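Peer 1: Would you mind keeping the following structure in view while I ask a few things?
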Amino acid sequence: DSGGANLPHQAEVFPDRDHFGRIFFNQANMSALGIPQIACVMGSCTAGGAYVPAMSDESVIVRNQGTIFLAGPPLVKAATGEEISAEDLGGGDLHAKKSGVVDHLAENDEHALTIVRDIVSHLGANTGAAADIALKDPRPPKFDAEDLYALIPEDVRAPYDVKEVIARLVDGSEFHEFKAHYGATLVCGFAHIWGMPVAILANNGVLFSESAQKGAHFIELACQRRIPLLFLQNISGFMVGGKYEAEGIAKHGAKLVTAVATATVPKVTVVIGGSFGAGNYGMCGRAYSPRFLFTWPNARISVMGGEQAASVLATVHRDADSWTPEQAEAFKAPIRQKYEDEGNPYYATARLWDDGVVDPVQTRDVLGLALAACLEAPIAERPAFGVFRM
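Shown next, in the form of structure tokens:
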């Protein structure tokens, strides 16, 4: 809760090394040293005060009470003529759902502090030594794993809520979600599996720019806290189209791919549905060196769907303009079949491209063994830079 610099003393803001700007200098360097920083916005954070939550590892804001903006409504009106309320300019709903400046939206002060305590409980290890990993007593999920047989649709293109899968994998079905209201097609959060901490990224639809930025930020947190990453892949790729190209989907997707490639913690991937195109890269496919990569029997892995590939190849064929519908179908049918055959998980596992096809019901046990193996070796040093809020 800060109004920023004291304007009557503005001459003292910049002159010396340890004056006002040093606050943010110290924040950045403490983040690089791995010192966790959590901000809880319960009032107005204006001007310089806005950078404190923006530069923290995780930030919480109270709805209809906390605000974050570089200039408040009076200054905005004086500078631009725009009349806008404090809530519309920098309120909780704006920053939790649209801008991504904060990570958690609380209903009141008590709720905000509860979220902060939950964040602290998932801060991870101080060093990379196995002895420092914060293990807990294992607890079974609250939901029966056999429910997965009914939850997962037969058609890989049909959507389903990946949180239902997570609830059947993690201890006590307890999942501390990160940025729940932002980039909702990528679910991120901390949990435990067989008592071992894990940072989960799971697809809940196609990846948009917001989803990619959220994932990159979350991977940075996991690396700072030395918590292994678990990717649950069910991805058709990054969103395409003129609107999304103009918004920089390639640039933002590259942030996620870079974060996955350079992550310093162990990575484990389970393909629980489709794995198509560049989405495979952003969700830690084989080329991104996961320690283990498993697939479910319903998984499909290919550069794109068979129907899309057949249509593209037919379009670029030099004789396509003169084809009858029957000729076009005769050309497309074997392509669709080829993609169906080669995208089958048993095609990949027969060539040792993964570490096995796993029964969904046994996934929790398999992940427990995989994570235990990963934690036998020290986790690498933290990155030399702090957490960038994407």
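Following my numbering, the numbering of the sequence shown begins with 133 at its first residue and continues without gaps.
In this text, a Cβ means the ideal position worked out from N, Cα and C, and glycines have one as well.
Computed from a predicted structure; not experimentally measured.
When burial is assigned at 16 or more other CB atoms within 10 Å of the CB, is Gln356 buried or exposed?
Peer 2: buried
Peer 1: Mapping the DSSP letters down to three states, classify Ala171 as helix, strand or coil.
Peer 2: strand
Peer 1: Nearest to Ala266 by alpha carbon, out of Ala312, Glu144, Ala482 and Met328?
Peer 2: Met328
Peer 1: Could you pull the start and end residues of the beta strand (DSSP E) that Gln365 belongs to?
Peer 2: Leu361 to Ile367
Peer 1: Quick check for students: name the residue ranges of the beta strand (DSSP E) that lie wholly in the region 150-205, counting only runs of 3 or more.
Peer 2: 170-173, 176-178, 190-194 and 199-201
Peer 1: Does any heavy atom of the ligand MG sit closer than 7 Å to the C-beta of Leu301?
Peer 2: With respect to the ligand MG, the structure offers nothing, as it holds no ligand at all.
Peer 1: Kindly indicate which residue of Ile170, Ser434, Glu214 and Val145 has the alpha-carbon position closest to the one of Tyr478.
Peer 2: Ser434
Peer 1: Cα separation between Ser231 and Arg418?
Peer 2: 32 Å
Peer 1: Assuming Phe463 is part of the alpha helix (DSSP H), what are its boundary residues?
Peer 2: Pro457 to Glu474
Peer 1: Under the rule that 16 or more other beta-carbon atoms within 10 Å means buried, what is Leu207, buried or exposed?
Peer 2: exposed
Peer 1: The alpha helix (DSSP H) that contains Arg496, what's its start and end?
Peer 2: Thr495 to Cys506
Peer 1: Would you call Ser176 buried or exposed, if buried means 16 or more other Cβ atoms sit within 10 Å of its Cβ?
Peer 2: Its Cβ being crowded by 16 or more others within 10 Å, Ser176 is buried.
Peer 1: Just to confirm my understanding: we take Ile284, look at its own chain, exclude 5 residues before and 5 after, and list those with CB closer than 7 Å. What are they?
Peer 2: Tyr292, Asn430 and Pro492
Peer 1: Roughly how many angstroms separate the alpha carbons of Gln197 and Met174, rounded to a whole number?
Peer 2: 6 Å
Peer 1: Per the DSSP calculation, Leu333 is bridged to which residue(s)?
Peer 2: For Leu333, which the question treats as bridged, DSSP gives the partners Cys320 and Phe363.
Peer 1: Can you check DSSP and say which residues form a bridge with Met328?
Peer 2: Ile325
Peer 1: Starting from Ala238, trace the beta strand (DSSP E) in both directions and tell me its first and last residue.
Peer 2: First-last of the beta strand (DSSP E) with Ala238: His236 to Ala238.
Peer 1: Under 6 Å Cβ to Cβ from Tyr183, same chain only, skipping five residues before and after it: list those, please.
Peer 2: Correct list, in chain order: Phe156.
Peer 1: Using the beta-carbon count (16 or more within 10 Å), is Asp303 buried or exposed?
Peer 2: buried
Peer 1: Taking 7 Å as the limit between beta carbons, can you name the residues of its chain near Gly166, skipping five residues before and five after?
Peer 2: Gln356 and Arg514
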